[in-house]
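Novice: Quick one: the structure is below, questions incoming.
Number of protein chains: 2
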Amino acid sequence: MHKPAREIEKSLSTVGYRLTRPRRAVIKVLVQARRSLSLDEILIRARKLEPRIGLATVYRTLEMLTAEGHLEEVRTRTKRYMLACSNFSLHFHLVCERCQTVTELPSTPETQSLTAALQMRNFEPCGSAVEILGLCERCRNRGASETKPVHLRSSPPHVSEIPHNQSGLSKK
Amino acid sequence: MHKPAREIEKSLSTVGYRLTRPRRAVIKVLVQARRSLSLDEILIRARKLEPRIGLATVYRTLEMLTAEGHLEEVRTRTKRYMLACSNFSLHFHLVCERCQTVTELPSTPETQSLTAALQMRNFEPCGSAVEILGLCERCRNRGASETKPVHLRSSPPHVSEIPHNQSGLSKK
DNA sequence: AGCTTATTGAGAATTTTTCTCAATAAGCAT
DNA sequence: ATGCTTATTGAGAAAAATTCTCAATAAGCT
Ligand SMILES: [Mn+2]
Ligand SMILES: [Mn+2]
Ligand SMILES: [Zn+2]
Ligand SMILES: [Zn+2]
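Going down the list, the protein sequences come from chains P and B. Residue numbers for the first sequence follow the working numbering, beginning at 1036 and rising by one. Residue numbers for the second sequence follow the working numbering, beginning at 1036 and rising by one.
Here it is, written out as C-alpha cells:
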C-alpha cells in the first residue's frame, strides 16, 4: 500500500528538502485522497489546509514528489497525480478516460514476462507504471450513447457542461 | 505495415469526409514521415505542400484521422502522431522520452495474455496501442550525464537550448 | 534569536489546444 | 461545365495548461 504522509516527509527531509507548510498540505491532500487527482482538485483541497498556497507551488511540489518517486503521474487529457504504490516494480494502470478512475493491474506472470521483454530490448521504462487508457466497465456499459460521434466535432466531457476548468484556475 | 495515402483517402471519403487539399497535405506528411511527429513538425511540413493551411485545420484533421483509426496518438509531454499500424489488435509502443522515438513491440504470447487480462476486467482500451514511456537503448547509454538532477529544478530538454517552441507556432 | 538560502506567492509569460464565424471549395446534381 | 448545398477552412481570439520571474518569506541550523 501507500506510504503514510509521515514517511514521505521524512524521506524528503532526509534528501535535503525543507518541510514546508505548502508541501505538507499537498502531501496530506494526496494521502487522504484515495484516488488520482487533477491539478485543480489538488489545488482546491490544498487551499483548505493552506489558503495562501500558490498555483506554481503546487506544480513545483508535484514535480518534486514525482521525481522523488512518491507520486505517479497519470497522463490523460491533462495530468493527474496519485500516490505511488510501494510496489516498486513495473506494473500497470488501467486509466478510464471517462471517469478518470485509475485501477491497478496486479502483477501476474503475464505482466512479468512483458517486463522481461522490455529489458530484452534495453528499454528502460520511466516511472513504475504503464498506463493503459480506455473505458472502465462502468463507463463502458452506460456509455452506449455519447460514445462514438459519427463525424466527431462533439468530443468533450460526459459529466457536466461546465466550461471545463473545474474551478478557479484560468487566467482571470 | 502502414496504409498508403491513397487507401486512407479512399476510406475517408467512403465514410463521408470530403477530400480537401489541407487534409491530403496532412495525410501525405504523415505517410512520408517514417516516424512520429509533433504538431509543429506536421504543421511546418504541411505548409510546404499547402502554404495556407491553418493551425486549427491541422488540429482538426489530426483529431479526425485519429478518431477514424488512421493515426495513433502518442502522449509524451505533448502529443505526437504517427500512422496507425494495420495490426489492429492491442499492441505496445515503447516511447523514448528523450529522443521521442516510438518503437513497436511485436505481439507475442506475453502481450497476448496481457490483453486477455484486460478483457477479464472488462476494461476496454481505447486506441490500439499501449504506450510505455521510458528511455530507448541509445539515449539510455549516453544519458549518464543529464539523467538525474539531484534536486531537479533543472529538468527540460536534452537536445537544444531553443525556447522550446520548435518553430513558428506560439502566439505572435 | 540570528543567518543562510531554499522555497514561496503573485502575476506575467509561454505553450498548447479549442472555439468562432465569415469565406471557401468538395461533391453532387443539373 | 455550371450551379447548389454545406462540410470545411483560415485567421484570430480565447481558453486551458504549464512555466517562469523575482522580491518576500520562513525552514533548518547555529
Ligand atoms: Mn501504481
Ligand atoms: Mn502502433
Ligand atoms: Zn470509467
Ligand atoms: Zn531515445
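Each residue gets a CB set at the ideal place from its N, CA and C atoms; glycine is no exception.
Please report the distance separating the alpha-carbon of residue 1038 of chain B from that of residue 1125 of chain B.
Specialist: For residue 1038 of chain B and residue 1125 of chain B, the distance between alpha carbons rounds to 18 Å.
Novice: List, in chain order, every chain B residue whose beta-carbon is nearer than 7 Å to that of residue 1148 of chain P.
Specialist: Within 7 Å Cβ-Cβ: 1145.
Novice: Which residues of the stretch 1151 to 1167 of chain P have a Cβ closer than 9 Å to any Cβ of chain B? Give them in chain order.
Specialist: Per Cβ criterion, the list reads 1151, 1152, 1153, 1156, 1157, 1158, 1159, 1160, 1161, 1162, 1165, 1166 and 1167.
Novice: Does residue 1053 of chain P have its Cβ less than 8 Å from a Cβ in chain B?
Specialist: No, residue 1053 of chain P does not count as interfacial toward chain B.
Novice: Can you determine whether any heavy atom of ligand 2 sits closer than 7 Å to the C-beta of residue 1037 of chain P, and answer yes or no?
Specialist: Residue 1037 of chain P Cβ: outside cutoff for every heavy atom of ligand 2.
Novice: Quick check on DSSP: helix, strand or coil for residue 1073 of chain B?
Specialist: DSSP places residue 1073 of chain B in strand when its eight states are reduced to three.
Novice: When you compare the CB of residue 1169 of chain B with every CB in chain P, is at least one pair closer than 8 Å?
Specialist: Yes, residue 1169 of chain B counts as interfacial toward chain P.
Novice: Using the beta-carbon count (16 or more within 10 Å), is residue 1070 of chain B buried or exposed?
Specialist: Counting Cβ neighbours within 10 Å, residue 1070 of chain B comes out exposed, since fewer than 16 surround it.
Novice: Would you please verify whether the beta carbon of residue 1129 of chain P is less than 8 Å from any beta carbon of chain B?
Specialist: Taking Cβ atoms only, chain B reaches closer than 8 Å to residue 1129 of chain P, which makes this a yes.
Novice: Give the DSSP-derived three-state secondary structure of residue 1144 of chain B in the structure shown.
Specialist: Correct three-state label for residue 1144 of chain B: helix.
Novice: Using beta carbons (cut-off 8 Å, strictly below), is residue 1074 of chain P in contact with chain B?
Specialist: By this cut-off, residue 1074 of chain P is not an interface position.
Novice: How long is the line joining the alpha carbons of residue 1045 of chain P and residue 1099 of chain P, rounded to whole angstroms?
Specialist: Rounded to the nearest angstrom, the two C-alpha atoms are 15 Å apart.
Novice: Between the Cα of residue 1108 of chain P and the Cα atoms of P:1130, P:1172, P:1141 and P:1057, which residue gives the shortest distance?
Specialist: Selected option, being the one with the closest Cα: P:1130.
Novice: Is it the case that the CB of residue 1164 of chain B approaches a heavy atom of ligand 2 more closely than 7 Å?
Specialist: Answer for residue 1164 of chain B: yes, Cβ within range of ligand 2.
Novice: Does the beta carbon of residue 1048 of chain B sit closer than 8 Å to a beta carbon anywhere in chain P?
Specialist: Chain P contact via Cβ: absent.
Novice: Residue 1139 of chain B CB to nearest chain P CB: under 8 Å?
Specialist: So no, residue 1139 of chain B is outside the interface.
Novice: Apply the 10 Å Cβ neighbour rule to residue 1164 of chain B and answer buried if 16 or more other Cβ atoms are within range, or exposed otherwise.
Specialist: Counting Cβ neighbours within 10 Å, residue 1164 of chain B comes out buried, since at least 16 surround it.
Novice: Just the chain P side, please: which residues come within less than 9 Å of residue 1175 of chain B by C-beta, in chain order?
Specialist: Those are 1157, 1158 and 1159, listed as they occur along chain P.
Novice: Any idea if residue 1186 of chain P is buried or exposed, counting beta-carbon neighbours within 10 angstroms, 16 or more meaning buried?
Specialist: Here residue 1186 of chain P scores only 23 on pLDDT, less than 50, and its place in the model should not be relied on; the value that follows carries that caveat. Residue 1186 of chain P is exposed by the Cβ-count criterion.
Novice: Is residue 1062 of chain B closer than 8 Å to residue 1077 of chain B when the C-beta atoms are compared?
Specialist: No, they are not a contact pair.
Novice: Out of curiosity, what's the CA-to-CA distance linking residue 1139 of chain B and residue 1156 of chain B?
Specialist: Their Cα atoms are separated by approximately 25 Å.
Novice: For residue 1073 of chain B, count the other beta carbons within 10 Å of its own beta carbon; 16 or more makes it buried, fewer makes it exposed. Which is it?
Specialist: The residue in question, residue 1073 of chain B, is buried, as its Cβ has 16 or more Cβ neighbours within 10 Å.
Novice: Quick one: which chain P residues come within Cβ less than 8 Å of residue 1172 of chain B?
Specialist: Correct list: 1156, 1157 and 1158.
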